[in-house]
Every structure is written in C-alpha cells, then in structure tokens.
Amino acid sequence: GAGVSQSPSNKVTEKGKDVELRCDPISGHTALYWYRQSLGQGLEFLIYFQGNSAPDKSGLPSDRFSAERTGGSVSTLTIQRTQQEDSAVYLCASSDYRTTDTQYFGPGTRLTVL
Amino acid sequence: GNSVTQMEGPVTLSEEAFLTINCTYTATGYPSLFWYVQYPGEGLQLLLKATKADDKGSNKGFEATYRKETTSFHLEKGSVQVSDSAVYFCALGRGTGNQFYFGTGTSLTVIP
Chain A
432 GAGVSQSPSN KVTEKGKDVE LRCDPISGHT ALYWYRQSLG QGLEFLIYFQ
482 GNSAPDKSGL PSDRFSAERT GGSVSTLTIQ RTQQEDSAVY LCASSDYRTT
532 DTQYFGPGTR LTVL
Chain B
728 GNSVTQMEGP VTLSEEAFLT INCTYTATGY PSLFWYVQYP GEGLQLLLKA
778 TKADDKGSNK GFEATYRKET TSFHLEKGSV QVSDSAVYFC ALGRGTGNQF
828 YFGTGTSLTV IP
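Same order as they appear, the protein sequences are chains A and B.
The first sequence begins at 432 in our numbering and counts up one residue at a time.
The second sequence begins at 728 in our numbering and counts up one residue at a time.
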C-alpha cells in the first residue's frame with residue numbers, strides 16, 4: 432500500500448513568515464510522529480499523536496511550533512514567525528501501535544528559511 | 728534517560744570490504760533497537776530491528792545483534808556494495824506509542 436507522504440517536498444520562505452507542512456500517514460496507522468533533522472545532527476523528536484488522546488508535545492522547541500491532526504489521519508505542522516535556525520528537514524512517521532513499534536517515515540520536507 | 732551513541736563518520740570503504748558501524752545505547756527496561764538507512768534524496772527506511780536481548784536482526788546482508796550485557800547493537804555487513812552508500816541511523820524504541828531516540832547517523836561511502 433501507499434507509504435507516508437509529505438508535502439511540500441521543499442519549502443523556501445523568508446524569515447518571519449509562517450509555514451505549514453503536511454503529513455499523510457499510512458492508512459490505518461493511529462500513531463503519528465514529527466521529527467526534525469538538522470544539518471549534521473540526528474533526528475530530534477517534536478510531537479506525537481495517538482488516536483484521540485492529547486498529543487505529546489514535549490519535543491516542540493518553542494511556542495512558535497504547533498501541530499494538529501484532523502480526523503485521526505492527516506497532520507499539519509505549523510511554524511510561526513520562522514527563524515533561520517528552523518531550517519531543517521522535517522520528517523513525519525506513522526505506526527500501527529496495536530501491533531508493532533516500528534515507525535515508517537515519509538520522505539520529509541526540506542525547509543529553508545532565508 | 729534514553730540515548731543512543733553512534734559511531735561518527737564519515738566512513739569510506741572499498742567495494743567488498745567488511746563494514747561495522749558501532750551503536751551503543753542507554754535505556755531503562757527493555758527497549759527495541761533499530762537500524763534505519765537513508766539513501767541520498769530519500770526518507771528513512773527500516774533496515775532491521777531486534778526486540779529483545781540476543782535477537783539478531785538481518786536484512787539485505789546486514790546484521791545486528793542486540794547485546795544487553797554491552798548495551799550495543801552494532802551493524803555489520805560482510806561485503807559492502809556501492810549501492811550501500813547511505814546514511815545509517817541507530818534508534819531505540821520504548822514500546823508502541825513512544826518516540827524513537829536516534830543516533831546522529833553515520834555516512835557510508837563505498838567506492839568501486
């Protein structure tokens with residue numbers, strides 16, 4: 432079946448603008464994760480959604496970052512008033528938490544803040 | 728806390744050479760351990776996993792054994808190919824519904 436998809440694949444924005452990044456998880460996966468991959472660094476956890484439970488926002492670096500998940504499926508990560516240090520690849524992953532802890536990743540959105 | 732320490736790269740090998748990428752972890756309890764691979768321009772793909780001590784994960788000629796006594800999950804391949812050139816990430820999972828903890832990644836380049 433289809434994997435995790437993300438859009439856009441690339442986003443270039445000016446400092447101070449808001450951006451929205453979209454993630455479509457694998458159909459039927461109830462768990463959805465956002466990570467950030469900065470140049471020269473590993474993957475940094477941002478936020479996790481599981482079903483209708485309150486999301487785990489413990490990894491969000493500042494209050495400029497927020498995310499929502501509508502209808503238990505598609506998720507949008509929003510970054511307000513972007514800064515240059517927000518430049519990174521934003522990765523989304525999903526899993527079927529009922530059967531496995533394996534996470535399946537999308538191709539990522541490369542965000543460049545000028 | 729939970730963390731993963733991964734061998735720093737970059738690593739450059741000749742085709743058919745033996746590969747080892749070291750990974751050690753810190754965790755309470757009994758985590759699952761993973762290796763993900765990221766080919767140029769692509770997202771992370773699961774390479775292999777192990778869910779309990781002494782388990783061996785294997786895929787595409789790669790192997791890694793979950794060693795609780797040394798808290799390690801080293802990735803090995805007996806004979807690398809040019810197509811194995813990628814970035815390899817070691818990760819720790821604390822059960823379903825929890826975030827992964829990733830190493831910083833090791834870049835591998837295999838030259839003909």
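Glycine included, C-beta positions come from ideal geometry on N, C-alpha and C.
Predicted, not measured: the structure shown is a model, and the values here were computed from it.
So, using beta-carbon positions, are residue i and residue j closer together than 8 angstroms?
i, j, result
"B/GLY830", "A/GLY473", "yes"
"A/ASP517", "A/THR461", "no"
"B/LEU835", "B/ASP811", "yes"
"A/PRO538", "A/GLN437", "yes"
"B/VAL809", "B/PRO839", "yes"
"A/TRP465", "A/ALA433", "no"
"B/PRO714", "B/ARG821", "Nothing can be reported for residue 714 of chain B, as the shown portion of chain B is limited to 728 through 839."
"A/PHE536", "A/LEU545", "no"
"B/THR798", "B/TYR752", "yes"
"A/PHE476", "B/GLN826", "yes"
"A/LYS446", "A/GLN515", "yes"
"B/LEU819", "B/ALA754", "yes"
"B/PHE816", "B/LEU771", "yes"
Just to make sure I have the definition right: I need the residues of chain B whose C-beta is within less than 8 angstroms of the C-beta of residue i. Which are they?
i, result
"A/THR513", "Correct list: empty, because the minimum Cβ distance to chain B is about 22 angstroms."
"A/GLY503", "Within 8 angstroms Cβ-Cβ: nothing; A/GLY503 doesn't reach chain B, min ~14 angstroms."
So, helix, strand or coil for residue i, using DSSP?
i, result
"A/ASP494", "coil"
"A/VAL443", "strand"
"A/ASP517", "helix"
"B/THR807", "One point to set straight first is that residue 807 of chain B is Val, not Thr, in the sequence displayed. Here B/VAL807 sits in coil by DSSP."
"B/GLU796", "coil"
"A/ARG500", "strand"
"A/LEU452", "strand"
"B/ASP781", "coil"
"A/ASP527", "coil"
"A/THR540", "strand"
"A/ILE457", "coil"
From residue i to residue j, what distance separates their C-alpha atoms?
i, j, result
"A/GLN481", "B/SER741", "44 angstroms"
"B/ALA744", "B/SER806", "5 angstroms"
"B/LEU802", "B/ALA813", "13 angstroms"
"A/LEU542", "B/GLU796", "41 angstroms"
"A/SER504", "A/ASP455", "7 angstroms"
"A/ALA485", "A/PRO439", "26 angstroms"
"A/ARG546", "A/ARG500", "Any question about residue 546 of chain A goes unanswered here, given that chain A covers just 432 to 545."
"B/VAL837", "B/THR739", "6 angstroms"
"A/ILE457", "A/ASP532", "14 angstroms"
"B/GLY694", "B/GLY756", "Past the edges of chain B, shown from 728 to 839, lies residue 694 of chain B, and the structure says nothing about it."
"B/SER730", "B/LEU746", "23 angstroms"
"A/TYR479", "A/LEU470", "22 angstroms"
"A/ASP487", "B/LYS787", "35 angstroms"
"B/LYS804", "B/SER785", "10 angstroms"
"B/ALA780", "A/ALA524", "26 angstroms"
"B/LYS675", "A/THR444", "Nothing about residue 675 of chain B can be reported from this structure: the residues present for chain B run from 728 to 839 only."
Would you please verify whether the beta carbon of residue i is less than 8 angstroms from any beta carbon of chain E?
i, result
"A/TYR521", "Within the model displayed, chain E is absent; protein chains A and B are what it includes."
Which residues of chain B have a Cβ atom closer than 7 angstroms to the Cβ of residue i, listed in chain order?
i, result
"A/ASP532", "SER759, GLY820, GLY822 and THR823"
Taking Cβ-Cβ distances shorter than 9 angstroms, what residues in chain A pair up with residue i?
i, result
"B/PHE827", "TYR464, TYR466, LEU474, PHE476, ALA524, ASP532 and GLN534"
"B/PHE816", "GLY473 and LEU474"
"B/LEU773", "THR533, GLN534, TYR535 and PHE536"
Can you pull the chain A residues whose beta carbon is under 8 angstroms from the beta carbon of residue i, in chain order?
i, result
"B/GLU769", "PRO538"
"B/LEU746", "The contacting residues do not exist; B/LEU746 stays about 20 angstroms from chain A at best."
For a contact meaning CB atoms closer than 7 angstroms, what does residue i contact in chain A?
i, result
"B/GLY832", "GLY473"
"B/LYS776", "THR533"
Nearer than 7 angstroms: is that true of the beta carbon of residue i relative to any heavy atom of the ligand ZN?
i, result
"B/GLY736", "Of ligands this structure carries none, so the ligand ZN is not represented either."
At least three beta-carbon pairs within less than 8 angstroms, the stretch 438 to 453 of chain A to the stretch 506 to 516 of chain A: Contact between the stretch 438 to 453 of chain A and the stretch 506 to 516 of chain A is present, because at least three Cβ pairs lie under 8 angstroms.
Three-pair Cβ contact test at 8 angstroms for the stretch 786 to 804 of chain B versus the stretch 762 to 774 of chain B: A contact is defined here as three or more CB-CB pairs under 8 angstroms, and the stretch 786 to 804 of chain B meets this definition with respect to the stretch 762 to 774 of chain B.
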